[in-house]
Every structure is written in structure tokens, then in C-alpha cells.
């Protein structure tokens, strides 16, 4: 089955530890993908793992607590990933257009490519990467707010990618840079001065690909008011974050 933690870019066995360094390091089964829990067929993991290792009879339970003054819920987050919006930028249409979460797993040492970044289409190491900011955020058609973390993690991802290939050129297409925390502006300058990151204040028009599956970005450069094009090897979309969809349960 596909591995959710690796953004579905890799596969895993049916019974699997949720993610590296998970606490406790216990194996789990995804109920939504388990053939036995959904259709009462298979059950091979129960046979292979031995007695009492897997208990399909477990049910949700209600726990009553006394003298509780407040409940604090750590909601986590999800990605908005409106498919219509992402398709406008070539996502799921062109294989060399990925989300920032997918890139995060691709450059991670414990990810599907063990930290060696390569394109999904041909396995080549990208020499030019374009990072597109504010995808489905700060938008009347999407979420109105700024996710507040994208500018910083984009720079971090570009730095990590550069450390694997010091000839890499990174281009960050942004509306406004939101770097309000302590040391954040210094971090952005460091990315530009030491890691070959170019920040372009712009508005994206559309994306297409050439005969080699290289994305071609058409955009308006806000500094010159000109329509320009840039051909890159990989496009990364910084998608809006939203509260976890399961919060209302």
C-alpha cells in the first residue's frame, strides 16, 4: 500500500511503524486500507505475525475523566490542496510539478529517495528548481490568510537541495515575503548569498512543459512589469495549510 508519511511517493507493508522515530515504536494497520477490517477477507498479517500480535476485535472506547477543568486539543494540520487550483499549476498533469510536502520527503534521508533528490520522470538530478508561493492561500478562491510558514520552509528546502548539489539554482516566486520572526530575514539573506536562491516578486500566469518534460513558467515580473518565461527542471508548490480535517469529530 502507499505510504502516507512519504506523501504516497513510496509503498509500505500492511503492518508498519507509522514513521521513523515514532513513540512508541509500535506497528499499526491503516484501517482505511485493511482488507480484513473493510471486507473481512485476507487476514494474512494475523497468520504471519503469530498469536496476539494483531487483534482485529479492538473497538473505540469512551474514557471518562473526573475533575477536568479544560480540554486542550492539538489539532495538527492538513494541506488545503484544492485540486482545481493545483491543476492550474500543472500538478497531477505534469510529473515534474510536486508539492512542498512531497519535496520534503524526497530530500529527507529517511524518505523514498534517501535524500538524493531526482526527478520523478527520468531520475535526473535537477539543476534548476522553481518554488511557487501562496498556492491556494491569500486568495479569494482559496484561503484568505497567509500560512505564515511557507517562506521559511521553502528557503530551508532550497538550502538542503543545494547542499546535495552546489550547482543548483533555486528560484522563489513570491507575492510578499513574510519573514517576521527573530532571525528570519537573516536566514533569507543567507539563502540568497550562500545558496544561490533568487527571490522573484511576481505573479504566475501558467505552466507548460517542453519536449523533455521541463516545466516552463510564464509570469509577470513585478519589478519590471514584464511578462517573462523561465524553464526549470522541477516546480515545487507551497500549498496552504488548514486545521486538521478531523478536528470537528
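In this note's numbering, the protein residues as written are 2 to 250.
Where is the CB? At the ideal position from N, CA and C, for every residue including glycine.
- In this structure, the beta-carbon distance from residue 240 to residue 8 does not fall below 8 Å.
- Between the segment 139-159 and the segment 233-249, the count of Cβ pairs shorter than 8 Å is three or higher; the stretches touch.
- With distances taken between CA atoms, residue 185 lies nearest to 150 out of 59, 210, 86 and 150.
- By the C-beta criterion, the segment 218-226 is judged to be in contact with the segment 192-205, since at least 3 inter-stretch pairs fall below 8 Å.
- Residue environment: residue 40 is assigned as exposed (fewer than 16 neighbouring CB atoms within 10 Å of its CB, all protein chains considered).
- Under a 10 Å Cβ-count criterion, residue 50 is classified as exposed, with fewer than 16 other Cβ atoms of the shown protein chains found around its own Cβ.
- Boundaries of the alpha helix (DSSP H) harbouring residue 104: 101-107, taken from the DSSP string.
- Taking all protein chains in view, the Cβ of residue 249 is surrounded by fewer than 16 other Cβ atoms within 10 Å, so the residue is classified as exposed.
- With contacts defined as CB atoms closer than 8 Å, residue 128 and residue 234 qualify as a contacting pair.
- Annotation for residue 18: 26, 27, 28 and 29 place their beta carbon closer than 8 Å to its own, counting only its chain and skipping 5 residues before and after.
- Note that the C-beta distance between residue 133 and residue 90 is below 8 Å.
- For residue 245, same chain residues with a beta-carbon under 7 Å away, outside a window of 5 residues either side, are 76, 77, 78 and 79 in chain order.
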